[in-house]
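Terminal number for the sequence shown in my numbering: 653, no gaps in between.
Scroll down for the structure; my scribbles are underneath it.
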Amino acid sequence: MVLHNPNNWHWVNKDVSPWAKEFLEKELTDLSAEDGGVSAKVDKVVSMDGDVDVSQRKGKVITLFDVKLKLEYSGKNKDGEEASGTITIPEVAHDTEEDEYVFDIDIYSDASSKQPVKDLVRAKIVPQLREHLQKLGPALIAEHGRDIQHAPGDDPSTGWASPKVYSSSSVNKTASEPKSTSTTTTQGGSSGPHVNVTTLEESTEFRTTAAELYKTFTDPARMAAFTRSPPSVFTGAVLGGRYELFGGNVSGEYTVLEEPTHIVQKWRLAQWPQGHYSTLSIHFDQNDVDSVTVMRVEWKGVPIGQEEPTKRNWGEYYVRSIKTTFGFGTVL
322 MVLHNPNNWH
332 WVNKDVSPWA
342 KEFLEKELTD
352 LSAEDGGVSA
362 KVDKVVSMDG
372 DVDVSQRKGK
382 VITLFDVKLK
392 LEYSGKNKDG
402 EEASGTITIP
412 EVAHDTEEDE
422 YVFDIDIYSD
432 ASSKQPVKDL
442 VRAKIVPQLR
452 EHLQKLGPAL
462 IAEHGRDIQH
472 APGDDPSTGW
482 ASPKVYSSSS
492 VNKTASEPKS
502 TSTTTTQGGS
512 SGPHVNVTTL
522 EESTEFRTTA
532 AELYKTFTDP
542 ARMAAFTRSP
552 PSVFTGAVLG
562 GRYELFGGNV
572 SGEYTVLEEP
582 THIVQKWRLA
592 QWPQGHYSTL
602 SIHFDQNDVD
612 SVTVMRVEWK
622 GVPIGQEEPT
632 KRNWGEYYVR
642 SIKTTFGFGT
652 VL
């Protein structure tokens, strides 16, 4: 569940399309020009189609994007007659130079009296657009690069995801593939950390009862068995009860305990920003016909950039280990 990426070597990718559109709306809206009594301004970003990603590999953060933009503008001629239209930019890409952008400018009326507004857009607004579009790439890296790269000196490979316990390549194949939301949010208050986060969901089948699974997440002896060491802290499976697992690399607090069907915990990794916790909600749905229990997990507040490591290590150090330790299912 750590960002298991020693020395920032492996490829990590983050979809930042929603943030990019918001950035462009702030940068481009209200760009304006006036000349000889004719005025024009950009009113809004009508649409943005395409992909925007920030990626990291071998210690280098890069941005990859290729989108089509459509803007709407309005203005007046020297007689005060209003005109409006659209500006379409077929390609805004990470490798587009400032002088390479193409602008298709349309006006909603063919009246010749409104043509000066369109001409002003091409002469005075387009150069501004070129300049502001060039800001997108650096802004993406500045805002999101830290979410997908370990800080200097941070080597999570020495943490709880140690290959001495299991091979990190032996991921549980029976668990259904978790999914993460595509919307990026920010958690944190005025005095707490501000972290871009996402939500993960997972569903896994166990050959046991809900009561046995519930006990596995609340009994310190069972926790010691599947984590391969006693909890370094365990104040009890009660509301507000705290625990630390895997040598202190995982810590949490019980916030909801509904035996034997539901557990909610505040949960964090040691290398996460100080004070930042995710919310881990676990439901145990038992089939009374054959004593098969489906464990449904919803994980809110996982820092962006740690989705894949979280899914991989949850399958390995929780799901797989619980199944092999207690015989709760087949491990492929």
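Here a beta-carbon is modelled for each residue, glycine too, at the ideal position from N, C-alpha and C.
For residue j and residue i, the rounded distance between their alpha carbons
i, j, result
"Lys435", "Thr407", "14 Å"
"Asp611", "Asp374", "45 Å"
"Ser602", "His515", "22 Å"
"Pro594", "Trp588", "12 Å"
"Asp425", "Gly622", "42 Å"
"Ala545", "Pro552", "6 Å"
"Glu580", "Ser550", "25 Å"
"Ser642", "Gln455", "49 Å"
"Ser433", "Leu441", "14 Å"
"Thr576", "His597", "16 Å"
"Arg563", "Gly569", "12 Å"
"Lys632", "Lys439", "52 Å"
"Arg669", "Asn334", "Not covered by the structure: residue 669. The range shown for the chain is 322 to 653."
Contact belief for residue i with residue j at Cβ below 8 Å, rounded distance in angstroms
i, j, result
"Phe527", "Leu534", "6 Å"
"Thr519", "Ile410", "At roughly 29 Å, the Cβ-Cβ gap does not stay under 8 Å, so Thr519 and Ile410 are not in contact."
"Thr701", "Val640", "Limits of the chain in this structure are 322 at one end and 653 at the other, which puts residue 701 out of reach."
"Glu464", "Trp340", "7 Å"
"Thr614", "Thr529", "6 Å"
"Ala361", "Ser353", "7 Å"
Residue from the options with nearest C-alpha to residue i
i, options, result
"Val382", "Phe567, Ala460, Asn570, Val366", "Ala460"
"Gly357", "Lys391, Ala444, Thr384", "Ala444"
"His453", "Ser599, Pro541, Thr600, Val363", "Val363"
"Ser430", "Gln455, Val585, Gly396, Val388", "Gly396"
"Phe605", "Leu578, Ala591, Glu628", "Leu578"
"Asp351", "Gly466, Leu392, Thr646, Val615", "Leu392"
"Gly458", "Pro448, Val559, Thr417, Ser572", "Thr417"
"Thr313", "Asn608, Val618, Gln607", "This structure leaves residue 313 out entirely; the chain is present only between 322 and 653."
"Glu565", "Val554, Thr529, Glu523, Arg451", "Val554"
"Lys365", "Leu450, Ala432, Gln377", "Leu450"
"Ser405", "Ile428, Gln607, Gly561", "Ile428"
"Gly648", "Glu412, Leu560, Phe547", "Phe547"
"Val359", "Gly401, Thr631, Glu348, Phe386", "Gly401"
Assigned secondary structure, residue i (DSSP; H/G/I helix, E/B strand, else coil)
i, result
"Ala341", "helix"
"Ile625", "coil"
"Lys644", "helix"
"Gly396", "strand"
"Glu637", "helix"
"Gly357", "coil"
"Thr566", "Checking the displayed sequence, the identity of residue 566 turns out to be Leu instead of Thr. Leu566: strand per DSSP, three-state reduction."
"Glu580", "coil"
"Pro484", "Residue placement at Pro484 is flagged as unreliable, the pLDDT there being 30, under the threshold of 50; a coordinate-derived value is accordingly withheld."
"Leu349", "helix"
"Phe605", "strand"
"Arg617", "strand"
"Arg589", "strand"
Beta carbon proximity, residue i to chain D, threshold 8 Å
i, result
"Tyr564", "Chain labels in this structure do not include chain D; a single protein chain is all it has."
Going along the chain, which unbroken runs of the beta strand (DSSP E) with 3 or more residues stay wholly within the stretch 398-471?
For the stretch 398-471, whole beta strand (DSSP E) runs of length 3 or above, ordered along the chain, are 403-414, 425-428.
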